[in-house]
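2 protein chains.
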Amino acid sequence: MQCKRNFSAKREAIYRTLSSTDSHPTAEWIYEKLKVQIPDLSLGTVYRNLSVFKEAGLIKSVGVINGHERFDWDTSQHSHFVCSCCFRIIDIPKSRMFIDQNTLSHLENECDVHIQGHSITFYGLCGDCSKNSIESEDN
Amino acid sequence: MQCKRNFSAKREAIYRTLSSTDSHPTAEWIYEKLKVQIPDLSLGTVYRNLSVFKEAGLIKSVGVINGHERFDWDTSQHSHFVCSCCFRIIDIPKSRMFIDQNTLSHLENECDVHIQGHSITFYGLCGDCSKNSIESEDN
DNA sequence: TAATAATTAAGAACAGTTATCGTTTTGGAG
DNA sequence: CTCCAAAACGATAACTGTTCTTAATTATTA
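Going down the list, the sequences are from chains B and F.
Those letters in the first sequence? Residues 19 to 157, per this note's numbering, in order.
Those letters in the second sequence? Residues 19 to 157, per this note's numbering, in order.
Okay, here's the thing in structure tokens:
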């Protein structure tokens, strides 16, 4: 991959689809979304380009949630909340939970490691699932 | 599963193998380790019992690292370091990096979620891989 | 002992992802 | 524009970690 300006039409569409949502989608989701506009798109192409983007540092993986890798266009340091019920992923405001450089340095010494990054994931029930589980108790 | 005392011999062996290492192993690793002593052990049995333990809250999953689910006998709240090179997982001392209840409460309100837990993962190079990558530069 | 429940091995099935391969598209040079 | 090489592509097979099925075995209870 050269630079962003040289994206092929499909590559561009895949990147645009990912970067226009905050839902931290799967490859499949992006594929389904784009198939409407680009009927001859292949799922393999979505996977391949997501790998290309990831390798180029243009996107990040949130990790494998419920068996599906989830992607994030926002490569800046931020935390996520993952709903254990519907597997929705919600961004935690960036102002929160920042681990300072001093702590990282101490950790590196203490554990004999070289830290390049970190991720904080909260899990529990999202608002909707929380509400639903209360409603379904009313029987 | 009833209670820990009623473990079958193989279930017991699987739990013992996991709980006697800090390597956060995969199902495969436990299987290979036990196959020596228990030749008629099946990999499916290891997977099944790990699920049973997880469901019972006896063990935790560290998540899927490099395509393999990693398990941890230590269910208490603690953080991990994951080496991006050899995928070793190192426990971070429990004294470090805990997020207080007050912060969690604020987060729950701010994001409209119900937080049940969280995990902090640091990544980078472990001591060994860091050393090796420096050595291989000397060419 | 007989009936019942729990656990297991073996291997088939499954799902998400990656690799292969022949074709098409793209972008630069002449 | 035309040619060419490199990049990207679609289709689909292959791969891999995990789960499921089934029949057999083992443990428990009556």
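Virtual Cβ for every residue (Gly too), placed ideally from N, Cα, C.
Where do the N-terminal and C-terminal ends of the beta strand (DSSP E) with residue i fall, by residue?
{"i": "Glu124(B)", "result": "Sequence check: residue 124(B) is His here, not Glu. Unbroken run through His124(B) is the alpha helix (DSSP H), 119-129; no beta strand (DSSP E)."}
{"i": "Arg88(B)", "result": "86-90"}
{"i": "Lys78(B)", "result": "78-83"}
{"i": "Cys101(F)", "result": "98-101"}
What span of residues does the alpha helix (DSSP H) with residue i cover, start to end?
{"i": "Val64(B)", "result": "61-73"}
{"i": "Asn150(B)", "result": "145-153"}
{"i": "Ile48(B)", "result": "45-53"}
Would you tell me roughly how many angstroms separate the C-alpha atoms of residue i and residue j, rounded to the nearest one?
{"i": "Cys103(B)", "j": "Ser154(B)", "result": "14 Å"}
{"i": "Arg66(B)", "j": "Ser38(B)", "result": "19 Å"}
{"i": "Phe25(F)", "j": "Asn84(F)", "result": "31 Å"}
{"i": "Lys51(F)", "j": "Thr35(F)", "result": "8 Å"}
{"i": "Ala27(F)", "j": "Tyr49(F)", "result": "14 Å"}
{"i": "Lys149(B)", "j": "Gly135(B)", "result": "35 Å"}
{"i": "Ala45(B)", "j": "Ser94(B)", "result": "21 Å"}
{"i": "Gln55(F)", "j": "Leu68(F)", "result": "19 Å"}
{"i": "His132(F)", "j": "Asp58(F)", "result": "44 Å"}
{"i": "His63(B)", "j": "Arg29(B)", "result": "Residue 63(B) is actually Thr in this sequence, not His. Cα to Cα, the separation comes out at about 8 Å."}
{"i": "Val70(B)", "j": "Ser123(B)", "result": "32 Å"}
{"i": "Thr121(B)", "j": "His98(B)", "result": "21 Å"}
{"i": "His96(B)", "j": "Ala74(F)", "result": "31 Å"}
{"i": "Glu107(B)", "j": "Cys144(F)", "result": "Note on identity: in this sequence residue 107(B) is Ile, with Glu being the wrong assignment. Each residue's Cα considered, the two are about 29 Å apart."}
{"i": "Ser137(F)", "j": "Ser60(F)", "result": "31 Å"}
{"i": "Trp47(B)", "j": "Pro111(F)", "result": "39 Å"}
{"i": "Lys72(B)", "j": "Thr139(B)", "result": "20 Å"}
{"i": "Ser113(F)", "j": "Phe89(B)", "result": "32 Å"}
{"i": "Cys101(B)", "j": "Cys129(B)", "result": "31 Å"}
{"i": "Pro43(B)", "j": "Ser79(F)", "result": "22 Å"}
{"i": "Asn157(B)", "j": "Asp146(B)", "result": "Confidence is the limiting factor: at Asn157(B) the pLDDT is only 48, short of 50, which leaves the residue's position unreliable, though a coordinate-based value still follows. So the two alpha carbons sit approximately 19 Å from each other."}
{"i": "Tyr33(B)", "j": "Lys53(F)", "result": "46 Å"}
{"i": "Ser41(F)", "j": "Asn127(F)", "result": "37 Å"}
{"i": "Cys117(B)", "j": "Asp109(F)", "result": "The sequence as given places Ile at residue 117(B); Cys does not occur at that position. Straight-line Cα distance between these residues: approximately 17 Å."}
{"i": "Ala31(F)", "j": "Gln119(B)", "result": "42 Å"}
Helix, strand or coil, according to DSSP, for residue i in the structure here?
{"i": "Thr35(F)", "result": "helix"}
{"i": "Ser137(F)", "result": "strand"}
{"i": "Asp109(B)", "result": "strand"}
{"i": "Cys104(B)", "result": "coil"}
{"i": "Arg114(F)", "result": "coil"}
{"i": "Lys22(F)", "result": "Its pLDDT being 49, under 50, Lys22(F) is placed unreliably by the model, and the measurement read from it follows with that caveat. Helix."}
{"i": "Ala27(B)", "result": "helix"}
Per DSSP, residue i is paired with what?
{"i": "His132(B)", "result": "Leu143(F)"}
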